[in-house]
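For the protein sequence lines, the chains are A and B, in the order given.
Residue 408 is where the first sequence ends in the numbering used here, and the numbering goes up by one at each step.
Residue 451 is where the second sequence ends in the numbering used here, and the numbering goes up by one at each step.
No residue lacks a Cβ here, since even glycine has one placed at the ideal position from N, Cα and C.
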Amino acid sequence: MLKIDNLHAKVEDKSILNGLSLDIKPGEVHAIMGPNGSGKSTLGYTLSGREGYTPTDGSVLFNGNNLLDFDADERAKQGLFLAFQYPVEIPGVSNMEFLKASVDSIRAYQNKKALDAIQFMKLAREKCKAIDLNQNFLKRGVNEGFSGGEKKRNEIMQMMLLEPKLCILDETDSGLDIDALQVVADGVNACRNENRSFIVVTHYQRLLDYIVPDYVHVLSNGKIIKSGGKELALELEEKGYSWIDKL
Amino acid sequence: MSYIFDFKNHKAIDPTALMSNDKMAWLNVIQEKAWTNFTNMELPARKIEHWKYNQMAFLTSNTFRLATPLSAKVIAEVSGEISSIQLPGAIHLTFVDGYLITDLNQQPTLDGLSITRYVDTTPEQQALVERISMPSTESRNMLMNLNSALANNGILIEVSKKTKIETPIYIRHFTSRQTTSTLASQNIVIHLNEFSDATLIEQFESTVQQENQLALQQTHVMLSDNSKLDHYRLNLEHESSKQISQVKTILSKNSSLNSFYLGSGSQLNRTDIDTIHSGENSECSITGIYLPAKKQTIDYHTNTEHQVPHCNSNEIFRGIIADEASATFNGKIHIFQDAQKSDARLNNKNLLLTNKAEINTKPELEIYADDVKCAHGATVAQLDNKAIYYLQTRGINRQQATKMLSVGFINELIEKINIKPIQEFLFTQLEDYMSHI
Ligand SMILES: Nc1ncnc2c1ncn2[C@@H]1O[C@H](COP(=O)(O)OP(=O)(O)O)[C@@H](O)[C@H]1O
Ligand SMILES: [Mg+2]
Numbered sequence: 162m163l164k165i166d167n168l169h170a171k172v173e174d175k176s177i178l179n180g181l182s183l184d185i186k187p188g189e190v191h192a193i194m195g196p197n198g199s200g201k202s203t204l205g206y207t208l209s210g211r212e213g214y215t216p217t218d219g220s221v222l223f224n225g226n227n228l229l230d231f232d233a234d235e236r237a238k239q240g241l242f243l244a245f246q247y248p249v250e251i252p253g254v255s256n257m258e259f260l261k262a263s264v265d266s267i268r269a270y271q272n273k274k275a276l277d278a279i280q281f282m283k284l285a286r287e288k289c290k291a292i293d294l295n296q297n298f299l300k301r302g303v304n305e306g307f308s309g310g311e312k313k314r315n316e317i318m319q320m321m322l323l324e325p326k327l328c329i330l331d332e333t334d335s336g337l338d339i340d341a342l343q344v345v346a347d348g349v350n351a352c353r354n355e356n357r358s359f360i361v362v363t364h365y366q367r368l369l370d371y372i373v374p375d376y377v378h379v380l381s382n383g384k385i386i387k388s389g390g391k392e393l394a395l396e397l398e399e400k401g402y403s404w405i406d407k408l
Numbered sequence: 015m016s017y018i019f020d021f022k023n024h025k026a027i028d029p030t031a032l033m034s035n036d037k038m039a040w041l042n043v044i045q046e047k048a049w050t051n052f053t054n055m056e057l058p059a060r061k062i063e064h065w066k067y068n069q070m071a072f073l074t075s076n077t078f079r080l081a082t083p084l085s086a087k088v089i090a091e092v093s094g095e096i097s098s099i100q101l102p103g104a105i106h107l108t109f110v111d112g113y114l115i116t117d118l119n120q121q122p123t124l125d126g127l128s129i130t131r132y133v134d135t136t137p138e139q140q141a142l143v144e145r146i147s148m149p150s151t152e153s154r155n156m157l158m159n160l161n162s163a164l165a166n167n168g169i170l171i172e173v174s175k176k177t178k179i180e181t182p183i184y185i186r187h188f189t190s191r192q193t194t195s196t197l198a199s200q201n202i203v204i205h206l207n208e209f210s211d212a213t214l215i216e217q218f219e220s221t222v223q224q225e226n227q228l229a230l231q232q233t234h235v236m237l238s239d240n241s242k243l244d245h246y247r248l249n250l251e252h253e254s255s256k257q258i259s260q261v262k263t264i265l266s267k268n269s270s271l272n273s274f275y276l277g278s279g280s281q282l283n284r285t286d287i288d289t290i291h292s293g294e295n296s297e298c299s300i301t302g303i304y305l306p307a308k309k310q311t312i313d314y315h316t317n318t319e320h321q322v323p324h325c326n327s328n329e330i331f332r333g334i335i336a337d338e339a340s341a342t343f344n345g346k347i348h349i350f351q352d353a354q355k356s357d358a359r360l361n362n363k364n365l366l367l368t369n370k371a372e373i374n375t376k377p378e379l380e381i382y383a384d385d386v387k388c389a390h391g392a393t394v395a396q397l398d399n400k401a402i403y404y405l406q407t408r409g410i411n412r413q414q415a416t417k418m419l420s421v422g423f424i425n426e427l428i429e430k431i432n433i434k435p436i437q438e439f440l441f442t443q444l445e446d447y448m449s450h451i
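This is how it looks when you write it as structure tokens:
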């Protein structure tokens, strides 16, 4: 599915990713943990094609294609999805219009049948319900005035609509209370299947009680310095991030 | 008859041949006043504050012939080029190069509505035209004075007391393909009597390629006590045309004006919007959108006067400036000393789509009363890269993302319009604009 090999990336002449390698097979869930500033979000931005996050070395293969050769929208069309740590507010563009444009464009690229307005509405309402998001949010501006938790749920709602192959969830747990966390985790778990893979980026072990990963990686200074099973997350939680400095 | 304007020597232009005679002699007071203003003024140029951001050199680079009426055959040809908003039951009037081509006798008659060519007016109506459209000595716009001096082909629209005209009055102005540099001139006076209510839609278009045409136009609005006007003014000219125009509205007691402006197309489009609150408790809401692209210049100069207490004004203008285009928004609020409890708001937001796009936005506040509310603000922004990236990560390409953000910038202003066919028409125009940028 995704094969990252020795990835280096810089932001404004500052090297942030320093030789990151990761191999993800279909259906797997990989958790990436690391202290603030270790480069977790930068990894998501670099993989999804954000301008200014420039790969300087290494390669990324996504289902056999050189991911880094494509524009951000093409990567999304190929099935990459990033749930933002800080979703962007876009006043003036309604959530509904945005979701429709997104679904239309991705389905067209993947040669799936276009949804008419009614089918789309039905689907969008269904997904809102699944993630406990009031349907009124469909009419509002994209993320405009949404609370932190509503923004996160809106991200997962989009993921459910777009049916991506690889989902990168960037600190989806931050800003969620325990009930919301349960709802969001249920949503993610419902999307899990043998073909869909996940990178779950988190600062805390807590989320991984709900979304149980197959692998856990520890990121430090733009590099994976330790990998293991889900028990690694517990160990990290217990010993604190200062532990990894001693690794 | 052909009449030539040589702006370089404008002080020497002899008005005699233009002055109305016989039946139209009543118009002379207006014309003479306008001529005096015109000849006493300096030519529009960048050194004059009022014209600072407009390229006016074309005025002196050649001479202009006053447009003459087209033959029926040519009119039949150009009529097909004029687009039309589907407004069932509307009263249609069409002007080509400033000349009314609609046969007023063929229009449906509506109780309480009269439309009269200046040449057919009664003495009472003539007095009214004079009262409403007489240029003031302070009038800063030289070309509008010229237009007033050429008012012979004007029309007067009157709505009687306590009448609500349900169907819109839909006026289309078209500038045609004349062979040499021509100047077209047009004047409208509209009077809403007490407790009346009407909708006026003015649409401006021009033929595909215009060499050096200049269209001048003025609409003078008089709102009597408790009357209400919805006014739409849609400029959709071809990108080679130039139009200088003015809308002046006088609001009497308890009257209300709700107006909407669209500026798109035109090489140069300059509109002066003067809104004069002369009666207490009058209110206006003025909304505008401008969309210059390529090398176009669109310029709105608004001047909102609160002459008396207890009036509200609310102006919202938004512009998207693409390519190498430029726009100017000069919003003046003038609150007179006696105009206590005035509430004046002005907001202007601009979105620049390129590094070469230019915006000049300037609030001008003259406030002489102390117990007033006055809120004004102007912003200039570029497309939000983070928002574009966010849309891209959802499979929406950069071009479409740009479009969505741009439309999102002005959407809500169009959505506020409560005449559905106009709203749809504007969305189509917007779509068209977006497909070119
Ligand atoms: N746009 C940016 N400009 C400059 N530095 C940045 C930018 N984005 C991230 N960084 C830096 O890159 C490093 C990693 O940041 P980030 O990927 O956000 O870490 P994390 O998500 O793990 O907290 C930090 O030192 C941060 O300051
Ligand atoms: Mg982060």
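*ligand 2 heavy atoms versus the CB of A/LYS313: any closer than 6 Å?*
For the purposes of this step, residue 313 of chain A is taken as residue 152 along the first sequence, with counting starting at 1. Flag unset: Cβ of A/LYS313 not near ligand 2.
_Please identify the residue among B/ARG154, B/THR135 and B/HIS315 whose C-alpha is closest to the C-alpha of B/THR50._
Locating residue 50 of chain B in the second sequence gives position 36, where the first residue counts as 1. If we check each option's Cα against that of B/THR50, B/ARG154 comes out closest.
*Decide if B/HIS450 is buried, meaning its Cβ has at least 16 other Cβ atoms within 10 Å, or exposed.*
If you number the second sequence from 1, residue 450 of chain B lands on position 436. B/HIS450 is exposed by the Cβ-count criterion.
*ligand 2 heavy atoms versus the CB of A/SER202: any closer than 6 Å?*
On the first sequence, residue 202 of chain A is found 41 positions in, with the first residue counted as 1. Under cutoff, so the answer is yes.
_Tell me which residues of the segment 248-264 of chain A have at least one Cβ-Cβ distance to chain B shorter than 9 Å, keeping chain order._
Along the segment 248-264 of chain A, going in chain order, the ones with a CB nearer than 9 Å to a CB of chain B are PRO248, VAL249, GLU250, ILE251, PRO252, GLY253, VAL254, SER255, GLU258, PHE259, LEU260, ALA262, SER263 and VAL264.
*In or out: A/TRP404 buried (at least 16 other Cβ within 10 Å) or exposed?*
Working through the first sequence from its first residue, we reach residue 404 of chain A at position 243. Exposed: under 16 other Cβ atoms inside 10 Å.
_Exposure label - B/THR30; buried when at least 16 CB within 10 Å_ = Start at 1 with the first residue of the second sequence, and residue 30 of chain B comes out as number 16. A residue is called buried once 16 or more other Cβ atoms fall within 10 Å of its Cβ, and B/THR30, having fewer, is exposed.
_Closer than 7 Å at the beta carbon, the chain E residues around B/TYR382_ = The structure shown contains no chain E; its protein chains are A and B.
*Does A/ASP234 have its Cβ less than 7 Å from a Cβ in chain B?*
For the purposes of this step, residue 234 of chain A is taken as the residue at position 73 of the first sequence. Yes - at least one Cβ of chain B is within 7 Å of the one on A/ASP234.
*Taking 6 Å as the cut-off, is the CB of A/GLN246 close to at least one heavy atom of ligand 2?*
For the purposes of this step, residue 246 of chain A is identified with residue 85 of the first sequence, where counting begins at 1. A/GLN246 Cβ: within cutoff of ligand 2.
_Cβ-based contacts, 8 Å cut-off: residues of the segment 266-292 of chain A near chain B_ = Of all residues in the segment 266-292 of chain A, only SER266, ILE267 and TYR270 come within less than 8 Å of chain B when Cβ atoms are compared, listed by chain position.
_Neighbourhood of B/ILE300 by C-beta, 6 Å cutoff - its chain only, sequence neighbours within 5 removed_ = On the second sequence, position 286 is the one that residue 300 of chain B refers to. Result list for B/ILE300: SER273 and GLU329, in chain order.
*Measuring only between beta-carbons, confirm whether B/ALA392 sits less than 7 Å from chain A.*
Position 378 of the second sequence, counted from the first residue, corresponds to residue 392 of chain B. No Cβ of chain A is located within less than 7 Å of the beta carbon of B/ALA392.
*Assuming B/LYS242 and B/ASP211 form a contact by the criterion Cβ under 8 Å, report the distance between their Cβ atoms to the nearest whole angstrom.*
Residue mapping note: residue 242 of chain B aligns to position 228 of the second sequence, counting from 1. Residue mapping note: residue 211 of chain B aligns to position 197 of the second sequence, counting from 1. Right, their Cβ atoms sit about 5 Å apart.
*Same chain, Cβ closer than 8 Å to A/ASP293, five either side skipped, listed in chain order*: By one-based count along the first sequence, residue 293 of chain A stands at place 132. Closer than 8 Å at the Cβ level, and outside the excluded window around A/ASP293, lie ARG314, ALA341 and VAL344.
*For B/ARG186, the three-state DSSP class (helix, strand or coil)*: Looking up residue 186 of chain B in the second sequence gives position 172. DSSP places B/ARG186 in strand when its eight states are reduced to three.
*heavy atom of ligand 1 below 6 Å from A/GLU173 C-beta*: As a first step, residue 173 of chain A is located in the first sequence; it is residue number 12 there, counting from the start. Answer for A/GLU173: yes, Cβ within range of ligand 1.
*Report all residues from its chain with a CB closer than 7 Å to the CB of B/TYR382; omit the five preceding and five following residues, and keep chain order.*
Taking the first residue of the second sequence as 1, we reach residue 382 of chain B at position 368. Hits under 7 Å: ILE349, PHE350 and GLN351.
*Between B/LEU214 and B/HIS245, is the Cβ-Cβ spacing less than 7 Å?*
The residue you call residue 214 of chain B lines up with position 200 of the second sequence. The residue you call residue 245 of chain B lines up with position 231 of the second sequence. Yes. Within cutoff.
*Uninterrupted beta strand (DSSP E) stretches inside the segment 343-397 of chain B (no shorter than 3 residues)*: Complete beta strand (DSSP E) runs here, min 3: 357-366, 372-381 and 387-396.
*Give the DSSP bridge partners of A/HIS191, in chain order.*
Working through the first sequence from its first residue, we reach residue 191 of chain A at position 30. For A/HIS191, which the question treats as bridged, DSSP gives the partners A/ILE360 and A/TYR376.
*Taking B/GLN406 as the query, report the chain A residues whose CB atoms sit under 8 Å from its CB, ordered along the chain.*
Counted from its first residue, the second sequence places residue 406 of chain B at position 392. At a beta-carbon threshold of 8 Å, the residues of chain A lying near B/GLN406 are GLY210, ASP232, ALA233, ASP234 and ALA237, ordered along the chain.
_According to DSSP, B/ILE146 sits in a beta bridge with which residue or residues?_
Taking the first residue of the second sequence as position 1, residue 146 of chain B is located at position 132. Beta-bridge pairing links B/ILE146 to no other residue.
*asked:* Quick check on the DSSP output: the beta strand (DSSP E) that includes A/PHE214 runs from which residue to which?
replied: Position 53 of the first sequence, counted from the first residue, corresponds to residue 214 of chain A. Phe is not the amino acid found at residue 214 of chain A; the sequence shown has Tyr there. Residues 214-223.
_Quick check: is the beta carbon of B/ALA395 nearer than 7 Å to any beta carbon in chain A?_
If you number the second sequence from 1, residue 395 of chain B lands on position 381. B/ALA395 does not count as touching chain A.
*Residues bridged to A/ASP338 by DSSP?*
Sequence index remark: in the first sequence, residue 338 of chain A carries index 177 (1-based). Per DSSP, none; premise fails for A/ASP338.
_Tell me the DSSP secondary structure of B/ALA212 in three-state form._
As a working note, residue 212 of chain B is residue 198 in the second sequence. Residue state, collapsed to three classes: strand.
*Who are the neighbours of B/ASN425 on chain A, taking C-beta pairs under 7 Å?*
Within the second sequence, the letter at position 411 stands for residue 425 of chain B. By Cβ distance, chain A contributes GLY253.
*asked:* For B/THR285, report the span of its beta strand (DSSP E) as first-last.
replied: Counted from its first residue, the second sequence places residue 285 of chain B at position 271. Unbroken beta strand (DSSP E) run through B/THR285: 282-291.
*Along the segment 306-336 of chain A, what residues have a CB closer than 8 Å to any CB found in chain B?*
If the cut-off is 8 Å between Cβ atoms, the segment 306-336 of chain A has GLN319 and LEU323 near chain B.
_Taking the alpha-carbon of B/THR375 as reference, which of B/ARG412, B/ASN119, B/TYR314 and B/ILE402 has the nearest alpha-carbon?_
Counting from one through the second sequence, the residue named residue 375 of chain B turns up at place 361. Measuring from the Cα of B/THR375, the nearest candidate turns out to be B/TYR314.
*ligand 1 heavy atom lying under 6 Å from the CB of A/ILE251*: The count along the first sequence starts at 1 and reaches residue 251 of chain A at position 90. No.
*Taking only heavy atoms of ligand 1 into account, decide whether any of them is closer than 6 Å to the Cβ of B/ASN425.*
Counted from its first residue, the second sequence places residue 425 of chain B at position 411. No, ligand 1 has no heavy atom inside 6 Å of this Cβ.
*Could you tell me whether the Cβ of A/LEU243 comes closer than 7 Å to any Cβ of chain B?*
Here residue 243 of chain A refers to the residue found at position 82 when the first sequence is read from its first residue. Chain B, which has a Cβ nearer than 7 Å to the Cβ of A/LEU243, makes this yes.
*Cβ of B/MET418 within 7 Å of any chain A Cβ*: Against the second sequence, residue 418 of chain B aligns to sequence position 404. So yes, B/MET418 belongs to the interface.
_So B/LYS400 contacts chain A; which residues on that side make the cut at Cβ distance below 8 Å?_
Against the second sequence, residue 400 of chain B aligns to sequence position 386. The contact set of B/LYS400 on chain A, defined by CB atoms closer than 8 Å, consists of VAL249 in chain order.
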